[in-house]
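**Q**
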Amino acid sequence: MPTSNIPVITIDGPTASGKGTVAHKVADKLGFHLLDSGALYRLTALQALRRGTPLSDEHALAKVAEHLHIGFTGEAIFLSNENVTDAIRAEEVGNTASKIAALPAVRQALFGLQLGFRKAPGLVADGRDMGTVIFPSAQLKVFLTASVAARAERRYKQLIGKGISANMDDLLMDLKARDDRDTHRAIAPLVPAEGAHVLDTSDMTVDAAVEQVLHWYAAVGK
Ligand code: C5P
Numbered sequence: 005m006p007t008s009n010i011p012v013i014t015i016d017g018p019t020a021s022g023k024g025t026v027a028h029k030v031a032d033k034l035g036f037h038l039l040d041s042g043a044l045y046r047l048t049a050l051q052a053l054r055r056g057t058p059l060s061d062e063h064a065l066a067k068v069a070e071h072l073h074i075g076f077t078g079e080a081i082f083l084s085n086e087n088v089t090d091a092i093r094a095e096e097v098g099n100t101a102s103k104i105a106a107l108p109a110v111r112q113a114l115f116g117l118q119l120g121f122r123k124a125p126g127l128v129a130d131g132r133d134m135g136t137v138i139f140p141s142a143q144l145k146v147f148l149t150a151s152v153a154a155r156a157e158r159r160y161k162q163l164i165g166k167g168i169s170a171n172m173d174d175l176l177m178d179l180k181a182r183d184d185r186d187t188h189r190a191i192a193p194l195v196p197a198e199g200a201h202v203l204d205t206s207d208m209t210v211d212a213a214v215e216q217v218l219h220w221y222a223a224v225g226k
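Position in the sequence shown (from 1) plus 4 gives the number in our numbering.
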C-alpha cells in the first residue's frame, strides 16, 4: 500500500487536554500504531537539559533532536536504551520542550522521524501540528480541548497519583504560559486543522471521547 493510503487519525490539542490517553485508546481499539509527538520534543528537551545545551543555541538543539536514539515499547519510552517514561513527564522537561518546540530547526529535525510512523494498518498521531503540518492528508482530524481549569485539575490528579507534589496555582500558571507559547509561536502554532472535528472534553469521560472519535472514524469516506 502506498504510504499516502495508510490511514492516519490526528489528535491535536493543548497540554493536558487528554489527547494522549484518548489517542492510546483509539489506537488500541483499531490496532493502529501510535505517535506521541510530544514525547519527541520532551526527549529532545531531556537530552538537552542533561547535556547542558544552551536553550538559546538553535543549531545545537537541532543536532540533539537529529541524533536522538529513541525507542517506544508499549507504553515505555527509551532514550539510548534508558527507560525515561517518567523522566520526560517532569514539569521542567515539559516547559523546556515547549520552549525548544518554537525553534524551526528543531521542528525540521523531527519532521522525517514523525512521517516514518505512518505504517500499515494505520496510525493515530497526537500532538499540536499533526493535522496542520505533519499529516495534512489525514483521513480524520480531531482537535481535542478542555477548559484551563479542567486541564489543571487533571494534571494535578495525575501528579498526586504518581506521588509527585503539586500546587494548583503553579499548574494553572504553567498551563497558561505553555498554551500561550504553543498558540502564538510563528511556526506550527496550535490551531485546529482545516476540517478538524473539535471536541471539548471538559465535562466528558475519556471513554466517551474515545467513542466519539471512533464514531467519526467509522463515518470517514461514507
Ligand atoms: O504533548 P506534550 O505536552 O507532551 O508536548 C510537550 C511540548 O512539545 C508541548 O508543550 C509543545 O510545545 C511541544 N509539541 C509541539 N508539537 C507537537 C507536540 C508537542 O510543539 N506536535
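We treat Cβ as the ideally placed atom computed from N, Cα and C, and that holds for glycine.
Answer yes or no: the CB of Thr19 versus the heavy atoms of the ligand C5P, is any distance below 7 Å?
**A** For Thr19, the CB falls within less than 7 Å of some heavy atom of the ligand C5P.
**Q** For Arg159, which residues of its own chain have a beta-carbon under 6 Å away from its beta-carbon, when the five flanking residues on both sides are left out?
**A** Shown here for Arg159: same chain residues with a beta carbon closer than 6 Å to its own, the five before and five after excluded, namely Ala20 and Leu175 in chain order.
**Q** Take Ala43 and list the residues in its own chain whose beta-carbon comes closer than 7 Å to its own, dropping the five residues that flank it on each side.
**A** Same-chain partners within the cutoff: Ile81 and Ile92.
**Q** Could you tell me the boundaries of the beta strand (DSSP E) in which Gly98 lies?
**A** That residue, Gly98, is in no beta strand (DSSP E); its alpha helix (DSSP H) goes Glu95 to Ile104.
**Q** Kindly confirm or deny that the region 134–150 and the region 56–66 touch, where touching means at least three C-beta pairs closer than 8 Å.
**A** no
**Q** Enumerate in chain order the residues of its own chain whose CB-to-CB distance from Ala124 is below 8 Å, with the five nearest sequence positions on each side excluded.
**A** Met5 and Ile10
**Q** I need the DSSP call for Asp130, collapsed to helix, strand or coil.
**A** Collapsing the DSSP output to three states places Asp130 in a strand.
**Q** DSSP three-state label for Phe115, please.
**A** helix
**Q** Val30 and Leu218 - do their beta-carbons sit closer together than 8 Å?
**A** yes
**Q** Pick from Gln51, Gln118 and Asp204: whose alpha carbon is nearest that of Asn85?
**A** Gln51
**Q** Between Ala129 and Thr14, which are expected to be in contact by the criterion C-beta below 8 Å, what is the C-beta distance as a whole number of angstroms?
**A** 5 Å
**Q** Are at least three pairs of beta-carbons, each pair with one atom in the region 161–174 and one in the region 103–119, less than 8 Å apart?
**A** no
**Q** Mind checking whether the beta-carbon of Arg132 lies closer than 7 Å to any heavy atom of the ligand C5P?
**A** yes
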